[in-house]
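The block underneath contains the structure these notes are about, expressed in structure tokens.
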Amino acid sequence: MLTEKSFDTGELIINYAERPAAGLALVLLHGGTQRWQDWDTLIARFDPSWHIYACDLRGHGKSGRAGDHYLLTDFVRDISAFLRQVVVEPAIVIGHSLGAIVALGTAAAVPDQVRGLVVLDPPLFLRDSSITLLPTIKYWFDFVYQVTSGASSLDQVVETIRPYAQGADDAELQRRAEIIHGNDPRMIDMMRTDKAVQGFDMTDVLSRITSPTLIICGEWDKGGAVRPEDITYAKQHLHSVEIVQIPGADHQLTEDAHIATVLEHLTTFFQSVGIR
Numbered sequence: 023m024l025t026e027k028s029f030d031t032g033e034l035i036i037n038y039a040e041r042p043a044a045g046l047a048l049v050l051l052h053g054g055t056q057r058w059q060d061w062d063t064l065i066a067r068f069d070p071s072w073h074i075y076a077c078d079l080r081g082h083g084k085s086g087r088a089g090d091h092y093l094l095t096d097f098v099r100d101i102s103a104f105l106r107q108v109v110v111e112p113a114i115v116i117g118h119s120l121g122a123i124v125a126l127g128t129a130a131a132v133p134d135q136v137r138g139l140v141v142l143d144p145p146l147f148l149r150d151s152s153i154t155l156l157p158t159i160k161y162w163f164d165f166v167y168q169v170t171s172g173a174s175s176l177d178q179v180v181e182t183i184r185p186y187a188q189g190a191d192d193a194e195l196q197r198r199a200e201i202i203h204g205n206d207p208r209m210i211d212m213m214r215t216d217k218a219v220q221g222f223d224m225t226d227v228l229s230r231i232t233s234p235t236l237i238i239c240g241e242w243d244k245g246g247a248v249r250p251e252d253i254t255y256a257k258q259h260l261h262s263v264e265i266v267q268i269p270g271a272d273h274q275l276t277e278d279a280h281i282a283t284v285l286e287h288l289t290t291f292f293q294s295v296g297i298r
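Just so it is clear: in the sequence shown, position 191 is 213 by my numbering, and no numbers are missing.
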């Protein structure tokens, strides 16, 4: 069972859920516009011996708002502090999308705290291109920004998104609204306008990562965020990396359709590097 807790970084409060256990620490970082519960399906399949921490990134879920401080380096600073002060022991860090980039940055910033790294569909293209390169993600950020900027209450979000949620029952509509309502529109604006990547040197970050790394990605032509040239780039700059592409998969690798495959690759990777 996971219990929600909070951690004060000195700048803001990070909300996180923890499932204590005697095994190795595993830290989960969700994608942009999401919250820690995005990992529920995967968490349910993890061995009960894993000590799990799942964080709400700044500006998401129940974590604190940060004005206009939503650079990728700000997110990295939060999670680096979380690893040092809350987790303490070296952890396995898994991130998806935005969380994948934050995981990469954190592994570079505090290498002694990261014993293994798994990144799901990391948008490495942001090193040299705009988010507009992936229209589905840009559209989603624009939509969430519009909703969160215009709706001050959860009830307003529910009514705003209702026309776009055909087929969803009331419980599912409420769940989607809660996820969207949990986003700071200022954070979303920095994401959708590429301001968040300022000062984040992807090549330098990758070159400083010392932990074994697994990249699991979808197919670019199917809506994934990793281009063929990004795979080549990652192999050139990461010291120890394995890259797996899931045939036919898009960007949403935490959804039920891909969980079994993701878990299989995680297990194989952990065994191959001696983590399990």
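Using N, Cα and C, we set each Cβ at its ideal position, and we do this for glycine too.
Bear in mind the structure is a predicted one, so any value in this text is a computation, not a measurement.
Would DSSP call residue i helix, strand or coil?
{"i": "residue 95", "result": "helix"}
{"i": "residue 294", "result": "helix"}
{"i": "residue 128", "result": "helix"}
{"i": "residue 252", "result": "helix"}
{"i": "residue 227", "result": "helix"}
{"i": "residue 171", "result": "helix"}
{"i": "residue 39", "result": "strand"}
{"i": "residue 210", "result": "helix"}
{"i": "residue 59", "result": "helix"}
{"i": "residue 108", "result": "helix"}
{"i": "residue 184", "result": "helix"}
{"i": "residue 24", "result": "coil"}
{"i": "residue 281", "result": "helix"}
{"i": "residue 235", "result": "strand"}
{"i": "residue 176", "result": "helix"}
{"i": "residue 137", "result": "strand"}
{"i": "residue 196", "result": "helix"}
{"i": "residue 101", "result": "helix"}
{"i": "residue 274", "result": "coil"}
{"i": "residue 241", "result": "coil"}
{"i": "residue 142", "result": "strand"}
Are residue i and residue j close, meaning C-beta to C-beta below 8 Å?
{"i": "residue 291", "j": "residue 140", "result": "yes"}
{"i": "residue 115", "j": "residue 125", "result": "yes"}
{"i": "residue 81", "j": "residue 209", "result": "yes"}
{"i": "residue 280", "j": "residue 268", "result": "yes"}
{"i": "residue 287", "j": "residue 253", "result": "no"}
{"i": "residue 202", "j": "residue 170", "result": "yes"}
{"i": "residue 75", "j": "residue 40", "result": "yes"}
{"i": "residue 113", "j": "residue 44", "result": "no"}
{"i": "residue 297", "j": "residue 87", "result": "no"}
{"i": "residue 35", "j": "residue 85", "result": "yes"}
{"i": "residue 95", "j": "residue 221", "result": "yes"}
{"i": "residue 213", "j": "residue 54", "result": "yes"}
{"i": "residue 7", "j": "residue 247", "result": "Outside the displayed span of the chain (23 to 298) sits residue 7, for which this structure offers no information."}
{"i": "residue 104", "j": "residue 79", "result": "no"}
{"i": "residue 216", "j": "residue 262", "result": "no"}
{"i": "residue 154", "j": "residue 100", "result": "no"}
Pull up the CB-CB distance for residue i and residue j, whole angstroms please, since I reckon it's below 8 Å.
{"i": "residue 235", "j": "residue 275", "result": "The Cβ separation is near 16 Å, so there is no contact."}
{"i": "residue 232", "j": "residue 133", "result": "5 Å"}
{"i": "residue 64", "j": "residue 295", "result": "Their Cβ separation, rounded to whole angstroms, is 19 Å, which puts residue 64 and residue 295 out of contact at 8 Å."}
{"i": "residue 198", "j": "residue 183", "result": "6 Å"}
{"i": "residue 193", "j": "residue 241", "result": "The Cβ separation is near 32 Å, so there is no contact."}
{"i": "residue 179", "j": "residue 173", "result": "5 Å"}
{"i": "residue 119", "j": "residue 143", "result": "6 Å"}
Does the Cβ of residue i have 16 or more other Cβ atoms within 10 Å, making it buried, or fewer, making it exposed?
{"i": "residue 110", "result": "exposed"}
{"i": "residue 301", "result": "Outside the modelled stretch of the chain, which goes from 23 to 298, sits residue 301, for which no answer is possible."}
{"i": "residue 186", "result": "exposed"}
{"i": "residue 90", "result": "exposed"}
{"i": "residue 62", "result": "exposed"}
{"i": "residue 256", "result": "buried"}
{"i": "residue 102", "result": "buried"}
{"i": "residue 66", "result": "exposed"}
{"i": "residue 106", "result": "exposed"}
{"i": "residue 218", "result": "buried"}
{"i": "residue 224", "result": "buried"}
{"i": "residue 189", "result": "exposed"}
{"i": "residue 12", "result": "Absent from the model: residue 12. The displayed extent of the chain is 23 to 298, so no value can be given."}
Can you check DSSP and say which residues form a bridge with residue i?
{"i": "residue 30", "result": "35"}
{"i": "residue 51", "result": "77, 117"}
{"i": "residue 156", "result": "None; residue 156 has no bridge partner."}
{"i": "residue 264", "result": "236"}
Let me check you understand the geometry: is the CB of residue i closer than 7 Å to at least one non-hydrogen atom of the ligand HEM?
{"i": "residue 60", "result": "In the structure shown, the ligand HEM is absent, as is every other ligand, since no ligand is present at all."}
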